[in-house]
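Under the UniProt record's numbering, think of the first position of the sequence shown as 1, with each following residue one higher.
All C-beta atoms in this analysis are idealised placements derived from N, C-alpha and C, irrespective of residue type, glycine included.
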Amino acid sequence: MGDGDHHHQLHEEEHFDILTKTGLKTANVLILILFRSVVHRDGDYHRAVHAWIFAESTQQLLLQKRADCKDSWPGLWDISSAGHVSAGDTSLITARRELQEELGVTLPNDAFELLFVFLQECVTNDGKFIDNEFDHVYLVTTLDPSPWKLLLFSVTNDGKFIDNEFDHVYLVTTLDPSPWKLLLFR
């Protein structure tokens with residue numbers, strides 16, 4: 001990669017607001033915003049979102065298979081839609097953006113219900129990826145899973161609706177979910 005390519009890559013890399021361990025924006029003006037790669041290398045606290053798509057008629061939750069090129073948990077099953085909150089954005093703006101980018105669906109703000117926020121702290125990839133993030137979890141409820149199933153075939157590697165009971169054995173043996181998701185499904 002030439003110097004011009006490296007310069008271009010830095011401008012396209014995501015920037016995150018840096019948080020304290022309690023979830024507040026840091027008061028240190030020297031490290032208010034950092035590149036994604038630096039945040040995960042150093043383990044800085046930041047924000048992310050999940051949008052859980054739940055089909056009321058079937059009582060099922062949509063899972064999506066992560067692409068093999070991802071730097072964390074490649075090829076594993078994940079929640080319906082997820083992503084990092086870019087510097088200056090809110091979690092709701094990000095939840096809407098990620099759903100549009102990953103599944104091609106644009107929904108109004110009131111379609112997203114904030115369920116909870118939790119802190120995920122983990123180290124993967126032989127210590128090269130340190131993920132300390134406050135995950136804002138939103139629920140998007142739909143009456144019928146059929147339209148979502150059509151979208152899955154057109155924009156993702158793979159997707160699957162699973163029963164609301166979150167069968168733990170099924171998840172571990174069949175779907176091979178991202179490791180931290182197991183905590184949510186117990």
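Following the continuous beta strand (DSSP E) through Ile162, name the residue where it begins and the one where it ends. Here residue 162 is taken as the residue at index 162 of the sequence shown, counted from 1. Ile162 -> beta strand (DSSP E) spans 159-163.
With a cut-off of 8 Å on the beta carbons, I'd call Leu99 and Ala51 a contact; round off their distance for me. Walking along the sequence shown from the start, residue 99 turns up at place 99. Walking along the sequence shown from the start, residue 51 turns up at place 51. At roughly 5 Å, the Cβ-Cβ gap stays under 8 Å, so Leu99 and Ala51 are in contact.
Give a yes or no on whether the C-beta atoms belonging to Val140 and Leu115 are separated by under 7 Å. In the sequence shown, residue 140 corresponds to position 140, counting from 1. In the sequence shown, residue 115 corresponds to position 115, counting from 1. No.
By a C-beta neighbour count over all protein chains shown, 10 Å radius and 16 as the cutoff for buried, is Lys70 buried or exposed? Residue numbering aside, residue 70 sits at position 70 when the sequence shown is read from its first letter. The residue is exposed, with fewer than 16 neighbouring Cβ atoms inside 10 Å.
What residues are listed by DSSP as bridge partners for His40? Working through the sequence shown from its first residue, we reach residue 40 at position 40. According to DSSP, which records beta bridges pairwise, His40 is partnered with nothing at all.
Same chain, Cβ closer than 6 Å to Phe118, neighbours up to 5 away in sequence not counted: For the purposes of this step, residue 118 is taken as residue 118 along the sequence shown, with counting starting at 1. If we look at Phe118 and ignore the five residues flanking it on each side, its Cβ neighbours are Asp135.
Alpha-carbon to alpha-carbon, Leu34 and Glu14: One-based indexing of the sequence shown puts residue 14 at position 14. One-based indexing of the sequence shown puts residue 34 at position 34. Straight-line Cα distance between these residues: approximately 8 Å.
Inter-residue spacing [alpha-carbon to alpha-carbon] between Thr106 and Asn125: Walking along the sequence shown from the start, residue 106 turns up at place 106. Walking along the sequence shown from the start, residue 125 turns up at place 125. So the two alpha carbons sit approximately 33 Å from each other.
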